[in-house]
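Trainee: Chains as they are written, first to last, in the working numbering: chain A, 2 to 257; chain B, 14 to 173. Just so you know, even glycine gets a beta-carbon here, dropped at the ideal spot from N, CA and C.
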Amino acid sequence: MSDNTLNARQTIDAAKRNFLKAGAKATAAIAVVTLAPGVTLYSVGAKAAVTGPATSERRWGMLIDATAPGDIWDIAVDACKAEQGWGGGNNPATDPQWIRKVSVKDPKTGAKATLPVMCQHCENPPCVDVCPTGASMKRADGIVLVDKHICIGCRYCMMACPYSCRSFVHEDVTGQKPHMPRGKGTVESCTLCVHRIDKGQLPACVEAVTNAGSDAMLFGDLNDPNSDISRAVSQYVTQRIRQDLGVEPSVHYRGI
Amino acid sequence: MRSATKFLSLAVLGFAMLMGGLASPTNAGEVPRPNPAKAFKGTQCVEPVDVMRREHMNFLTHQRDETLREGIRGQKYSLNECIDCHAVTSPDVMDGKVRTLKPFCAECHSYAAVSIDCFQCHTGAAAPGNGQTSPSLPTSALPNGHPAVAVPTTEGETAQ
Chain A
2 MSDNTLNARQ TIDAAKRNFL KAGAKATAAI AVVTLAPGVT LYSVGAKAAV
52 TGPATSERRW GMLIDATAPG DIWDIAVDAC KAEQGWGGGN NPATDPQWIR
102 KVSVKDPKTG AKATLPVMCQ HCENPPCVDV CPTGASMKRA DGIVLVDKHI
152 CIGCRYCMMA CPYSCRSFVH EDVTGQKPHM PRGKGTVESC TLCVHRIDKG
202 QLPACVEAVT NAGSDAMLFG DLNDPNSDIS RAVSQYVTQR IRQDLGVEPS
252 VHYRGI
Chain B
14 MRSATKFLSL AVLGFAMLMG GLASPTNAGE VPRPNPAKAF KGTQCVEPVD
64 VMRREHMNFL THQRDETLRE GIRGQKYSLN ECIDCHAVTS PDVMDGKVRT
114 LKPFCAECHS YAAVSIDCFQ CHTGAAAPGN GQTSPSLPTS ALPNGHPAVA
164 VPTTEGETAQ
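#1: For residue 150 of chain A, return the contacting residues in chain B, with the cut-off set at a CB-CB distance below 9 Å.
#2: Report all residues from its chain with a CB closer than 8 Å to the CB of residue 204 of chain A; omit the five preceding and five following residues, and keep chain order.
#3: Inspect the CB distances between the segment 70-80 of chain A and the segment 101-120 of chain A and report whether three or more fall short of 8 Å.
#4: Would residue 43 of chain B be called buried (16 or more neighbouring beta carbons within 10 Å of its own) or exposed?
#5: Tell me whether the beta-carbon of residue 169 of chain A lies closer than 8 Å to the beta-carbon of residue 147 of chain A.
#6: In chain order, what residues of the same chain have a beta carbon less than 7 Å from the beta carbon of residue 117 of chain B, not counting five sequence neighbours either side?
#7: Starting from the C-beta of residue 100 of chain A, find all residues in its chain whose C-beta is less than 8 Å away, skip the five residues before and the five after it, and write them out in chain order.
#8: With 8 Å as the threshold, decide whether the Cβ of residue 238 of chain A is near any Cβ in chain B.
#9: CA-CA distance, residue 126 of chain A and residue 139 of chain A?
#10: Hey, how far is the Cα of residue 175 of chain A from the Cα of residue 232 of chain A?
#11: Reducing DSSP to helix, strand and coil, say where residue 130 of chain A ends up.
#12: Quick one: list the residues of chain B neighbouring residue 223 of chain A, beta-carbon separation under 8 Å, in chain order.
#13: Just to confirm before moving on: does the CB-CB distance between residue 179 of chain A and residue 52 of chain B stay below 8 Å?
#14: When the cut-off is 8 Å and only beta carbons count, does residue 52 of chain A lie next to chain B?
#15: Give me, in chain order, the residues of the same chain whose beta-carbon lies closer than 7 Å to that of residue 209 of chain A; leave out the 5 immediate sequence neighbours on both sides.
#16: How far does the beta strand (DSSP E) with residue 255 of chain A in it extend, from its first residue to its last?
#17: Which class does residue 117 of chain A belong to by DSSP, given the choice of helix, strand or coil?
#18: Roughly how many angstroms separate the alpha carbons of residue 237 of chain A and residue 250 of chain A, rounded to a whole number?
#19: Under 6 Å Cβ to Cβ from residue 186 of chain A, same chain only, skipping five residues before and after it: list those, please.
#20: Check whether the Cβ atoms of residue 85 of chain A and residue 181 of chain A lie closer than 8 Å to each other.
#21: Would you please verify whether the beta carbon of residue 129 of chain B is less than 8 Å from any beta carbon of chain A?
#22: Less than 8 Å between the beta carbons of residue 177 of chain A and residue 136 of chain B, yes or no?
#23: Consult DSSP for residue 190 of chain A and reduce its assignment to one of helix, strand or coil.
#24: Hey, out of A:257, A:226, A:136, A:52, whose CA is closest to residue 241 of chain A's CA?
#25: Are any of the Cβ atoms in chain A nearer than 8 Å to that of residue 66 of chain B?
#26: Any beta carbon of chain B sitting closer than 8 Å to that of residue 24 of chain A?
#27: Report the residue from B:55, B:86, B:91, B:84 whose alpha carbon sits nearest the alpha carbon of residue 70 of chain B.
#28: Going by alpha carbons, who is nearest to residue 255 of chain A out of A:217, A:225, A:244, A:132?
#29: Identify which residue in A:150, A:124, A:123 has its Cα closest to the Cα of residue 134 of chain A.
#30: For residue 222 of chain A, collect the residues of the same chain with a Cβ closer than 8 Å to its Cβ; drop the 5 residues on either side in sequence, then sort them by chain order.
#31: Less than 8 Å between CB atoms is the rule here; does residue 255 of chain A satisfy it with respect to chain B?
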């Protein structure tokens, strides 16, 4: 049902109700004026600064420099925990984990690297393909999210994710952040700090790493050829994890 | 004979019902009518009160999809702004030190026996910067004599 249809129906319902009540005494005025069917004016509560919707003109992505000192990723993980309110559980096997520090080593050469792994925000996300309810979804600007309103907690997406980046919430959650509702029985993962991006801010991990004086994480619009990240990915040889799968992640890495 | 017995039993039953009604204090079995607290701040809601009472769930459900799935932010209805104005203190939540929305909602919802599960995930607690258009509110201090206090709840609350 479109917005206008919904508003018109509400207006009509309110008008009917008020007509029935009008015999006794005048009721509270409805501050809604219907100009024509489907066209409604509201006179109260009008707010400025409605932003969005997200469009496919943007494609948010990240470039991570895995040659940076490994300590920096602890800052990123801690920033994510603080921003989104996860962590602090005492059951490492099942506690939700939105971003993790991974150390890799080439067994032939002995070369090592440390990198953070979080939701890769794929162009063709397998988690979205398999979701039976439509809860697992990709926004127009490429951010992959879980709509927890309709997530039934089946965990099919966790099976499908090649990066093991989704977590199931096994236990009751309290003290959630106002911008990040979390609850038992749903699946969750990195949201790329969508609430911050929509306000024009950087994701919390990128901001924390940048504030620590490192340029190991770069965030921006991959569709904009003049953005820092687009210039960087065209300048350096970058890699995405398991590129062979064809899921087209938007998180790029250097030095792995 | 048979009809007389029937009449007698009916009369006894009626008398018992009458006495039962008289013996109990007035409306003892009746659930008290809900009495939600006044708004913490502001005098004008985003819609008139009667519209809000009937349609708030539609406003919230409709807009949550637009916010989450389409990325439209800053629209008219916002759960966080509900919290800004309507969250109340309750002795069951953090010893009444934090304003939270759930007791306000529960006031009518428990009367109408309508279960809400918003607060299984959403925090109902007022925090600085909850609503997008309102200035920061204190999380603990309430103005003296403010009406938004201690709505009793029947449900158990977990500290938020």
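Mentor: Reading from the atomic positions:
#1: One-based indexing of the first sequence puts residue 150 of chain A at position 149. Chain B residues near residue 150 of chain A: 74, 77, 78, 81, 134.
#2: By 1-based counting over the first sequence, the position of residue 204 of chain A is 203. Correct list, in chain order: 63, 193, 194, 197, 198, 220.
#3: yes
#4: Along the second sequence, one-based indexing puts residue 43 of chain B at 30. Per the 10 Å Cβ criterion, exposed.
#5: The residue given as residue 169 of chain A occupies position 168 in the first sequence. The residue given as residue 147 of chain A occupies position 146 in the first sequence. Not closer than 8 Å, so no.
#6: The residue you call residue 117 of chain B lines up with position 104 of the second sequence. The residues are 49, 50, 99, 100, 101, 164.
#7: Mapped onto the first sequence, residue 100 of chain A falls at position 99. Same-chain partners within the cutoff: 77, 78, 81, 117, 118, 119, 191, 206.
#8: On the first sequence, position 237 is the one that residue 238 of chain A refers to. Cβ-Cβ to chain B under 8 Å: no for residue 238 of chain A.
#9: Stepping through the first sequence from its first residue, residue 126 of chain A is reached at position 125. Stepping through the first sequence from its first residue, residue 139 of chain A is reached at position 138. Straight-line Cα distance between these residues: approximately 8 Å.
#10: For the purposes of this step, residue 175 of chain A is taken as the residue at position 174 of the first sequence. For the purposes of this step, residue 232 of chain A is taken as the residue at position 231 of the first sequence. In a straight line, the C-alpha of residue 175 of chain A is about 42 Å away from that of residue 232 of chain A.
#11: For the purposes of this step, residue 130 of chain A is identified with residue 129 of the first sequence, where counting begins at 1. DSSP places residue 130 of chain A in helix when its eight states are reduced to three.
#12: Here residue 223 of chain A corresponds to residue number 222 of the first sequence, with the count starting at 1. Within chain B, no residue comes near residue 223 of chain A; the closest Cβ sits about 17 Å away, beyond 8 Å.
#13: Residue mapping note: residue 179 of chain A aligns to position 178 of the first sequence, counting from 1. Residue mapping note: residue 52 of chain B aligns to position 39 of the second sequence, counting from 1. No; because the gap between Cβ atoms is not below 8 Å, this pair is not in contact.
#14: Walking along the first sequence from the start, residue 52 of chain A turns up at place 51. It does: the Cβ of residue 52 of chain A has a partner Cβ on chain B nearer than 8 Å.
#15: Here residue 209 of chain A refers to the residue found at position 208 of the first sequence. These residues qualify, in order along the chain: 76, 77, 80.
#16: For this step, residue 255 of chain A is matched to residue 254 along the first sequence. Counting along the chain, the beta strand (DSSP E) containing residue 255 of chain A begins and ends at 252-255.
#17: The residue given as residue 117 of chain A occupies position 116 in the first sequence. If DSSP states are grouped into helix, strand and coil, residue 117 of chain A belongs with the strands.
#18: Locating residue 237 of chain A in the first sequence gives position 236, where the first residue counts as 1. Locating residue 250 of chain A in the first sequence gives position 249, where the first residue counts as 1. Going by the C-alpha atoms only, they are around 17 Å apart.
#19: Position 185 of the first sequence holds residue 186 of chain A. Excluding positions up to five away in sequence, the list reads 154.
#20: Locating residue 85 of chain A in the first sequence gives position 84, counting from the first residue. Locating residue 181 of chain A in the first sequence gives position 180, counting from the first residue. Yes, the pair counts as a contact, with Cβ atoms nearer than the cut-off.
#21: For the purposes of this step, residue 129 of chain B is taken as the residue at position 116 of the second sequence. Not an interface residue.
#22: One-based indexing of the first sequence puts residue 177 of chain A at position 176. One-based indexing of the second sequence puts residue 136 of chain B at position 123. The answer is yes: Cβ separation under 8 Å.
#23: Taking the first sequence and counting its residues from 1, the one referred to as residue 190 of chain A is at position 189. Looking at residue 190 of chain A - three-state DSSP - the assignment turns out to be coil, as it is neither helix nor strand.
#24: Position 240 of the first sequence, counted from the start, is the residue given in the question as residue 241 of chain A. The option with the nearest alpha carbon to residue 241 of chain A is A:257.
#25: As a position in the second sequence, residue 66 of chain B is number 53, starting the count at 1. For residue 66 of chain B, the answer is no, since every Cβ of chain A falls outside 8 Å of its Cβ.
#26: Counted from its first residue, the first sequence places residue 24 of chain A at position 23. Residue placement at residue 24 of chain A cannot be trusted, given a pLDDT of 47 that sits under 50; the coordinates are not used to answer.
#27: Sequence index remark: in the second sequence, residue 70 of chain B carries index 57 (1-based). Looking at the Cα atoms, B:91 is the closest of the given residues.
#28: Locating residue 255 of chain A in the first sequence gives position 254, counting from the first residue. The candidate whose alpha carbon is nearest that of residue 255 of chain A is A:217.
#29: Counting from 1 along the first sequence, the entry for residue 134 of chain A is found at position 133. Residue 134 of chain A has its Cα closest to that of A:150, out of A:150, A:124, A:123.
#30: If you number the first sequence from 1, residue 222 of chain A lands on position 221. Only 59, 60, 61, 62, 228, 230, 231 meet the Cβ criterion.
#31: On the first sequence, residue 255 of chain A is found 254 positions in, with the first residue counted as 1. No, residue 255 of chain A does not count as interfacial toward chain B.
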